[in-house]
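Residue numbering for the sequence shown is 1229 to 1505, as defined by the working numbering. Heads up: the structure comes next, in structure tokens.
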Amino acid sequence: MNSDYKVFKFKNNTLNELNDQISVEEPLEIIIKFKDKDKWIENTISITMRTPGDDEDLVRGFLFNERVIEKVEYIEKIESSGKPTDQYGIKNKITVTINNSENIDIDKIKRNFLTNSSCGVCGKTSLDSLEIIKKDKILKSIPKITKETIMSSPDKLRQNQSEFSKTGGIHASGLFTAKGDIVAIKEDVGRHNALDKLIGHALDQKLLNTNTQFLTCSGRLNFDLVQKALMANIGVLIGVGAPTSLAIDLANRFDMTLVGFVKGDSFNIYSSSERIK
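Here is the structure:
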């Protein structure tokens, strides 16, 4: 989703007024509704800044990746609510009704998952926080990815983004087969939101096959992206930019292949190089 804004562009010593397409950023309040004994409870668990669109996929992926739910089938329904905004006519609240609430710890959820578009990992300060919910490492034997497939994936991601060419201000995450074919792509102003949308969509449509698939993301690779990929049991995560130290540490701990700085004919492998041939 984008919108026209008037801007002044300075070029060749001349200042001109023109219309520019800008990626829309709006808050989304995520509310979960669940049963505690015989009483229905509603709680806001996150406010995230996102690009409107694919909101249902976003909340599916978010709830699964943060292990608020163990399966997307636990979601009974998703409903948008709230007063539509004056400018865009969109609703910025979404309520998710959950039909299995045995493991919901609302105090822990609210403490850990208040996010925004630049930081999806607020409140998580160590690798130990992830080990509480994920014990197993990823099999090192799969998938096998060629060097050529790695180098071509960022271009394929960029060429198939619907919004980036218009605004230049949006992130994307793509799910690819080991042969380099695109399975699905999602976009958002927040890189972690783009990945939540992608994983939520893949789970809902039953597209995920971690034995033969990998992820490519625009921008840098941080702890949050690695964590979300691990929750979906993805073995290879590729990024156009640099990884952070914590992203590398987390990838190493769970035997994920982390690849960064993919540019033309070069890239860096930061962990578990066995999957690359």
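In this text, a Cβ means the ideal position worked out from N, Cα and C, and glycines have one as well.
query	result
Helix, strand or coil at Gly1488 according to DSSP, with G and I counted as helix	strand
Burial state of Ile1273, where buried means 16 or more other Cβ atoms lie within 10 Å	buried
Residue burial classification, Gln1455 (beta-carbon count within 10 angstroms, cutoff 16)	buried
Cutoff 9 Å: Ile1413 Cβ touching any chain B Cβ	Although the question refers to chain B, the structure presented lacks it and comprises just one protein chain.
Classification of Lys1414 by the beta-carbon crowding that lies within 10 angstroms, buried from 16 upward	buried
Whole-Å CB distance - Ser1446 paired with Val1417, under 8 Å assumed	At roughly 11 Å, the Cβ-Cβ gap does not stay under 8 Å, so Ser1446 and Val1417 are not in contact.
Nearest-angstrom Cα separation, counted from Lys1363 out to Arg1448	26 Å
Where the beta strand (DSSP E) containing Gly1402 begins and where it ends	His1399 to Thr1405
Alpha-carbon to alpha-carbon, Lys1425 and Glu1284	8 Å
Through-space distance from Lys1234 to Asp1432, alpha-carbon basis	39 Å
CB of Ile1260 within 9 Å of CB of Ile1318, strictly	no
Straight-line gap, His1399 to Asp1282 (C-alpha atoms, nearest Å)	14 Å
For Phe1442, the residue or residues it bridges with in DSSP	Phe1404
Proximity to Ser1380 [Cα-Cα], best of Thr1242, Thr1405, Leu1367 and Ser1390	Thr1405
Close-in-space but distant-in-sequence residues of the same chain around Met1568 (CB under 6 Å, 5 per side omitted)	A question about residue 1568 goes unanswered here, because the residues of the chain that appear run from 1229 up to 1505.
Residue nearest to Met1277 in terms of C-alpha spacing, selected from Arg1386, Ile1269, Val1287 and Phe1236	Val1287
Three-state secondary structure assigned by DSSP to Arg1278	strand
Element boundaries [alpha helix (DSSP H), containing Lys1456]	Phe1451 to Met1459
Residue of Pro1371, Gly1402 and Ser1369 minimising C-alpha distance to Pro1382	Gly1402
Which of helix, strand or coil DSSP assigns to Thr1343	With a pLDDT of only 41 at Thr1343, under the threshold of 50, the placement of this residue in the model should not be trusted, and no figure is reported.
For Glu1502, the first and last residue of its enclosing beta strand (DSSP E)	Neither: Glu1502 is in no beta strand (DSSP E) and is coded neither H nor E.
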